[in-house]
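Peer 1:
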Amino acid sequence: MAAYQYLTFLTDYGLEDGFVASCHGVAARISPGVRIIDITHLVPPGDVRRGAAVLAQTIPYLPPGVHVAVVDPGVGTIRRAVAVDAGERVFVGPDNGLLSWAVRAASPDGRVRAYELTNEDLWLHPVSATFHGRDIFTPVAAHLLAGTDVADVGRALEPDDLVTLPSPVRRLLEDAAEGEVLTIDRFGNAQLSVTADDLERLGIRADTAVAVSLGRRTHPVPFRRTFGSVPPGELVAFTDSARCVALAVNGGDAAQRLGLVPGAHVRIAPVA
C-alpha cells in the first residue's frame with residue numbers, strides 16, 4: 009500500500025500549454041490511479057512569495073499527501089531540488105523559499121526531515137534543463153506515492169540549511185496594527201499580514217470603520233463582513249478566508265486604486 013494517497017500540485021505554469029498535463033501524465037504512469045488535487049497553476053510567473061502564501065494558506069484544508077510546488081525562476085541553476093518530510097505531508101520542489109511557509113504551517117514545532125533530490129533513478133530521463141517539474145519533482149512525488157521511502161530520494165540535509173522566505177511584517181501596537189501587503193489576487197483584492205485577531209485586540213469589530221494608512225495617505229474604510237456589504241465601487245476592509253484582513257473594492261480593483269504592491273507597508277487603526 010502506498011504511504012500517501014494524494015498528490016497536490018501548485019505551479020506558475022498557466023493553462024495555455026501542456027505543462028500541467030505532462031506532469032499529470034508522468035505521475036499517472038509511475039503511480040497508476042494517483043489522485044491529484046490541483047491547487048492552482050495561475051501563480052504569477054516567477055512570483056515565489058505569492059506561491060508560498062497560497063500553498064501555506066491551502067495546506068490546512070488538504071488531505072495528508074505529497075505536495076509538489078513549482079515556482080522556479082532558478083530552474084537549471086545551482087539551486088537545489090528538495091523534499092521536506094513534515095510527518096503526514098511531504099513537500100517537493102525547488103529550494104528557493106517556496107515551500108518554507110507551508111512547511112512551517114504543517115509542522116509548527118519544526119520537526120522535519122529534509123533531503124536533496126539526488127537519486128537520479130527516480131527521475132524521468134532525459135532531464136530538461138528548464139522543466140524540472142515534469143522530469144524531477146513530479147516523478148519523485150509519484151514514486152513516494154507508489155511506496156518509495158522519502159529517505160531514498162537523496163542525501164539528507166539539515167533543515168536549517170533550507171532557504172526560507174522572511175516572515176511577513178506584522179506588529180501589534182497599543183493603538184494600531186502594522187503589517188504589509190501579503191498578496192494580491194486576480195480580483196485586485198489586497199491580503200494583508202494583519203489578522204482578524206489583531207483587529208479584535210484593538211477593539212475593532214465588523215460594521216465599524218478603520219483608518220488605513222498607506223505611506224502618507226490615510227483612508228477611512230468601512231470594516232464589513234464581505235465586499236458585497238458596500239455599494240459597487242466602494243472600498244471595504246474585511247476578514248478573508250485565511251482570517252487575514254483584506255482590502256477590496258466591490259466590483260473593482262483595490263490594488264490598482266490604491267497603488268498597492270506586495271510588501272507595501274500598511275497601518276490599521278480604529279477611527280477616532
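Position in the sequence shown (from 1) plus 8 gives the number in the numbering used here.
In this text, a Cβ means the ideal position worked out from N, Cα and C, and glycines have one as well.
The structure displayed is predicted, hence computed values, not measured ones.
By Cβ distance below 8 angstroms, which residues in the same chain neighbour Val229 in space, the five residues on each side in sequence not counted?
Peer 2: As a first step, residue 229 must be located in the sequence shown, where it is residue number 221. Closer than 8 angstroms at the Cβ level, and outside the excluded window around Val229, lie Ala217, Val218, Ala219, Val220, Leu243, Val244, Ala245 and Leu255.
Peer 1: Please state if the CB of Glu128 and the CB of Val90 are separated by a distance shorter than 7 angstroms.
Peer 2: By one-based count along the sequence shown, residue 90 stands at place 82. By one-based count along the sequence shown, residue 128 stands at place 120. Their beta carbons are not under 7 angstroms apart, which means Val90 does not touch Glu128 by this criterion.
Peer 1: Check this for me: beta carbons of Ile45 and Ala113, under 7 angstroms apart or not?
Peer 2: Within the sequence shown, residue 45 is the residue found at index 37, counting from 1. Within the sequence shown, residue 113 is the residue found at index 105, counting from 1. No. Outside cutoff.
Peer 1: Apart from the five residues just before and just after Val28, which ones in its own chain have a Cβ nearer than 6 angstroms to its Cβ?
Peer 2: As a first step, residue 28 must be located in the sequence shown, where it is residue number 20. Taken in chain order, the residues that qualify are Tyr21 and His49.
Peer 1: What three-state label does DSSP hand Val51 in the structure shown?
Peer 2: Here residue 51 corresponds to residue number 43 of the sequence shown, with the count starting at 1. Val51 falls in the coil class under three-state DSSP.
Peer 1: If you reduce the DSSP assignment to three classes, tell me which class Phe235 lands in.
Peer 2: Your numbering for residue 235 matches position 227 in the sequence shown. Reduced to three states, the DSSP call for Phe235 is helix.
Peer 1: Nearest-angstrom Cα distance between Glu186 and Ala277?
Peer 2: Along the sequence shown, one-based indexing puts residue 186 at 178. Along the sequence shown, one-based indexing puts residue 277 at 269. The straight-line gap from Cα to Cα measures roughly 9 angstroms.
Peer 1: Assign Leu181 to buried or exposed, taking buried as 16 or more other Cβ atoms, counted over all protein chains shown, within 10 Å of its Cβ.
Peer 2: In the sequence shown, the residue the question calls residue 181 occupies position 173. Leu181 comes out exposed.
Peer 1: By the 10 Å Cβ neighbour count, where 16 or more other Cβ atoms means buried, how is Pro102 classified, buried or exposed?
Peer 2: For the purposes of this step, residue 102 is taken as the residue at position 94 of the sequence shown. It counts as buried.
Peer 1: Please report the distance separating the alpha-carbon of Ser201 from that of Pro72.
Peer 2: Numbered from its first residue, the sequence shown carries residue 201 at position 193. Numbered from its first residue, the sequence shown carries residue 72 at position 64. The alpha-carbon atoms of Ser201 and Pro72 are separated by roughly 26 angstroms.
Peer 1: Reducing DSSP to helix, strand and coil, say where Phe139 ends up.
Peer 2: Mapped onto the sequence shown, residue 139 falls at position 131. The answer is coil: DSSP assigns Phe139 none of H, G, I, E or B.
Peer 1: Taking Cβ positions, are Gly84 and Thr138 nearer each other than 7 angstroms?
Peer 2: Position 76 of the sequence shown, counted from the first residue, corresponds to residue 84. Position 130 of the sequence shown, counted from the first residue, corresponds to residue 138. Yes; because the gap between Cβ atoms is below 7 angstroms, this pair is in contact.
Peer 1: Report the rounded CA-to-CA distance for Asp284 versus Asp25, giving the unit in angstroms.
Peer 2: Residue coverage of the chain in this structure runs from 9 to 280, which leaves residue 284 outside it and unanswerable.
Peer 1: Helix, strand or coil, according to DSSP, for Leu132 in the structure here?
Peer 2: Position 124 of the sequence shown, counted from the first residue, corresponds to residue 132. In this structure, Leu132 counts as coil in the three-state DSSP scheme.
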